[in-house]
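Okay, so here's the structure we're looking at.
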Amino acid sequence: MSLAVEVTARRGDFVLDAHVEVADGEVLALLGPNGAGKTSLLRIVAGLERPDTGRVEIGGLVVDDLGAGSHVPAAERRVGMVFQDHLLFPHLDLTDNVAFGPRSRGTGRREAARVALDWLERVGLAERAGEQPSALSGGQAQRVALARALAGDPAVLLLDEPLAALDVETRQEVRGLLREHLRAFAGPVVLVTHDPLEALTLADRLVVLEDGRVTQAGTPAEVARHPRSAWVARLVGVNLLRGEAAGTEVTVGRATLTTAEPAYGPVDVLFHPHAVALHRTEPGGSPRNTWRAVVDGMDVEGARVRVHLDGPLAVVAEVTPAAVAELGLADGVEVWAAVKAVELQVHPR
Amino acid sequence: MTATTATRRRRTFDRPVAALVAVALAAGIALLLLPLVGLLARTPWSRVAPLLGDPALRETLRLSLLVSLASAALSLVLGVPLAWLLARVSFPGKRLLRALCVLPMVLPPVVGGVALLAAFGRRGLVGAPLERLTGITLPFTTAGVVIAVTFVSLPFLVVTVEAGFLGLDARIEEAAATLGASRWTVLRRVSLPMLVPSLVAGTALAWARALGEFGASITFAGNLGGTTRTVPLAVYLELHRDPDAAIVLSLVLLAVSIAILVGLRDRYLGVGR
Chain U
3 MSLAVEVTAR
13 RGDFVLDAHV
23 EVADGEVLAL
33 LGPNGAGKTS
43 LLRIVAGLER
53 PDTGRVEIGG
63 LVVDDLGAGS
73 HVPAAERRVG
83 MVFQDHLLFP
93 HLDLTDNVAF
103 GPRSRGTGRR
113 EAARVALDWL
123 ERVGLAERAG
133 EQPSALSGGQ
143 AQRVALARAL
153 AGDPAVLLLD
163 EPLAALDVET
173 RQEVRGLLRE
183 HLRAFAGPVV
193 LVTHDPLEAL
203 TLADRLVVLE
213 DGRVTQAGTP
223 AEVARHPRSA
233 WVARLVGVNL
243 LRGEAAGTEV
253 TVGRATLTTA
263 EPAYGPVDVL
273 FHPHAVALHR
283 TEPGGSPRNT
293 WRAVVDGMDV
303 EGARVRVHLD
313 GPLAVVAEVT
323 PAAVAELGLA
333 DGVEVWAAVK
343 AVELQVHPR
Chain H
1141 MTATTATRRR
1151 RTFDRPVAAL
1161 VAVALAAGIA
1171 LLLLPLVGLL
1181 ARTPWSRVAP
1191 LLGDPALRET
1201 LRLSLLVSLA
1211 SAALSLVLGV
1221 PLAWLLARVS
1231 FPGKRLLRAL
1241 CVLPMVLPPV
1251 VGGVALLAAF
1261 GRRGLVGAPL
1271 ERLTGITLPF
1281 TTAGVVIAVT
1291 FVSLPFLVVT
1301 VEAGFLGLDA
1311 RIEEAAATLG
1321 ASRWTVLRRV
1331 SLPMLVPSLV
1341 AGTALAWARA
1351 LGEFGASITF
1361 AGNLGGTTRT
1371 VPLAVYLELH
1381 RDPDAAIVLS
1391 LVLLAVSIAI
1401 LVGLRDRYLG
1411 VGR
């Protein structure tokens, strides 16, 4: 494991007690409600905060070991960090911003400028190299912040809600770029987010942090399908299917789904369980996607029942207890499932 | 609701009170403005050029410029680390140190002069061993004037720059740290460049205060022409010999003060940054 964190930290009444490991090349999303301790955990890895007990290991180097009383300060850890509000240096142009990491770690001025230009090129902003950060849009600034974090050749990449401050359209554009660079990064990546879409589409593995503790860990598909807490169910408990798009048709295993927006190549298809309607007989009318499924377990969550369906598509439907009675739902019962094309969100992978 | 509020406001600001407030405002503005008007009215305009050409006055102006600039530079060198310490490091006794840094602002300068004599005078706590070991004495020297005026003007720089540090987003310094920058590199390449407006404002205020310092200087360094007689001391001296000269010198100090205020606009003391 090239990032291993096992720490406790007390902040007033709040106690963070977490154990997280991330492999080289793996993207881990730390998901959780506000105040769950996600950012604290990230800051501990970066060396900006100290844990009360435990240890942190980056790339085989112990950077915090409370048992031995050792603490490597932030500046001497090889971390790259992207903050929610970019935090670019307002008095430096883009080249000097991106060259800051290499320069601080001892690279000569000219070589650092060359590395910076190379990174600006990779995030598509080379032609803006001489401008000040104030001339950039939010999305562009965040792209420079990513370049700045990566230019220092970090052993671990940490992202603290990198898309949260952006508007919806910009978010989609930066998310695409982020995905590309997270894939290309050789070391471990930790992405803090409270946006399930970000977590599901960018991460290889999710760790859910609630009230300072890890409540669930697994692949996005596992966590989405079997959320272990109400919070996870509400936010992450969506249907996530991976398929191949050709226009408004997406092939998922043996099945084909019709979508409203055209896309091409590998995609993630997301839709909420309450968008899945269940019928005893084949439904007529507008739904473009209907298939026969078998009920494979039900979870009751307050006034909602999550019905797990087996068949050509493994999905979850959310219905009321009244509907369960009306449809006579039970394990092994055959039903028709239907989803409208407009309910499917398609995200290129 | 609006009607009730309006009625209440009218009642609190009823006539006698409104009249008192108006008198207080007029008196306040008059107190600030009339001395300036008086100074301008009494200025012997025809004598301004010849007086400013007088070698003794020119020597005084030169010395004042030298002393105030040296003091501003010294304030910058001594004040920035103090401001950084107060804004960015937590340690026991911090409140005490801050009080100590601001004390000269409220202390009567003449008391500062007496205290400086007690410390750096020829028989002072530090002054006596200093003279014995190195032969250097500070009272009644130009260096002594620089020390006296810096004692009084340093707080202006510390207070302004500390406010600048506090107004700086500490997370941008953290971002620099995650990029491998040591504390010193962060200060040199991030904090100080971002603090340039505060540094300029603090230095200008300290310089202006140094230029006008009177009490601590005359107490610690005396009033020796060509060595320790700065413009404010000359103003005081000339008032008894040649009031016209005193007025012309005062006019010079007034012009400098106004120039600094205009130059800084509302950036002084960290307000309206």
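As they're listed, the protein sequences go chains U and H.
So the first sequence is numbered by the working numbering: it starts at 3 and just counts up by one.
So the second sequence is numbered by the working numbering: it starts at 1141 and just counts up by one.
Ideal Cβ positions, reconstructed from N, Cα and C, are used throughout, including at glycine.
Source: prediction; values computed, not measured.
Nearest neighbour of Asp1382/H by Cα position, chosen from Val1163/H, Ala1196/H and Ala1348/H, turns out to be Ala1196/H.
Annotation: the continuous beta strand (DSSP E) that includes Leu193/U extends over Val191 to Thr195. Taking a Cβ-Cβ threshold of 7 Å, the residues of chain H close to Gly154/U are Leu1319 and Gly1320, in chain order.
The C-alpha of Val1217/H is placed about 42 Å away from the C-alpha of Gly37/U. Annotation: the continuous beta strand (DSSP E) that includes Thr261/U extends over Ala257 to Phe273.
In this structure Pro1295/H is buried. Its beta-carbon is surrounded by 16 or more other beta-carbon atoms within 10 angstroms. If you ignore the 5 residues before and after Met1334/H, its C-beta comes within less than 7 Å of the C-beta of Leu1308, all in its own chain and listed in chain order. Flagged as an interface residue toward chain H: Gly103/U, by a C-beta distance shorter than 8 Å. Closest by C-alpha distance to Glu303/U, out of Arg185/U, Ala235/U, Gly141/U and Met83/U, is Ala235/U.
Contact between Thr292/U and Ala340/U holds, since their C-beta atoms are separated by about 5 Å, short of 8 Å. Cβ-Cβ distances below 6 Å link Glu1302/H to Ala1223, Leu1226 and Ala1227 in the same chain, with the five nearest sequence neighbours on each side left out; the list follows chain order.
Rounded to whole angstroms, Val1326/H and Pro156/U show a C-alpha spacing of 19 Å.
For Ala332/U, the secondary structure class from DSSP, reduced to helix, strand or coil, is coil. About 6 Å separates the Cβ atoms of Val210/U and Gly34/U, confirming a contact at the 8 Å cut-off. Contact annotation, Leu202/U with Leu272/U: C-beta distance approximately 7 Å; criterion of less than 8 Å satisfied. According to DSSP, Glu212/U shares a beta bridge with Arg215/U. Sequence-ordered contacts of the stretch 223–254 of chain U with chain H are nonexistent [C-beta pairs closer than 7 Å]. For Ser106/U, the C-beta contacts it makes with chain H under 7 Å involve Leu1319, Gly1320, Ala1321 and Thr1325, in order along the chain.
Asn99/U carries a helical assignment under DSSP once its states are collapsed to helix, strand and coil.
Residue contact check for Ala1316/H against chain U: a CB pair falls below 8 Å.
Of the residues assessed, Pro1221/H falls on the exposed side of the cut-off, its CB having fewer than 16 other CB atoms within 10 angstroms. Taking CB atoms only, Arg1311/H has a neighbour in chain U less than 8 Å away. Shown here is that no member of the stretch 1356–1372 of chain H has a Cβ falling below 9 Å from a Cβ of chain U. About 45 Å separates the Cβ atoms of Val1207/H and Thr1318/H, ruling out a contact at the 8 Å cut-off.
In the structure shown, Leu1389/H adopts helical secondary structure according to DSSP, grouped into three states. Interface annotation, Pro1337/H: not in contact with chain U, CB-CB separation never under 8 Å.
Fewer than three pairs of CB atoms, one per stretch, sit closer than 8 Å, so the stretch 42–57 of chain U makes no contact with the stretch 121–130 of chain U. Between Glu246/U and Thr195/U, the beta carbon gap of about 26 Å keeps them out of contact (Cβ cut-off 8 Å). Between the stretch 81–90 of chain U and the stretch 139–148 of chain U, the count of Cβ pairs shorter than 8 Å is three or higher; the stretches touch. Against Val1330/H, the close residues of chain U are Phe91, His93, Leu94 and Phe102, in the order they occur along the chain (beta-carbon pairs closer than 9 Å).
In this model, Gly1193/H and Val1161/H are separated by some 47 Å (Cα to Cα). For Leu280/U, the enclosing beta strand (DSSP E) covers residues Ala279 to His281. Annotated three-state conformation of Asp1384/H is helix, per DSSP.
Separation of Phe1291/H and Gly1264/H (C-alpha to C-alpha, rounded to the nearest whole angstrom) is 16 Å. With fewer than 16 other Cβ atoms from the protein chains shown falling within 10 Å of its own Cβ, Ala1164/H counts as exposed.
Between Ala149/U and chain H, the shortest Cβ-Cβ separation is not below 8 Å.
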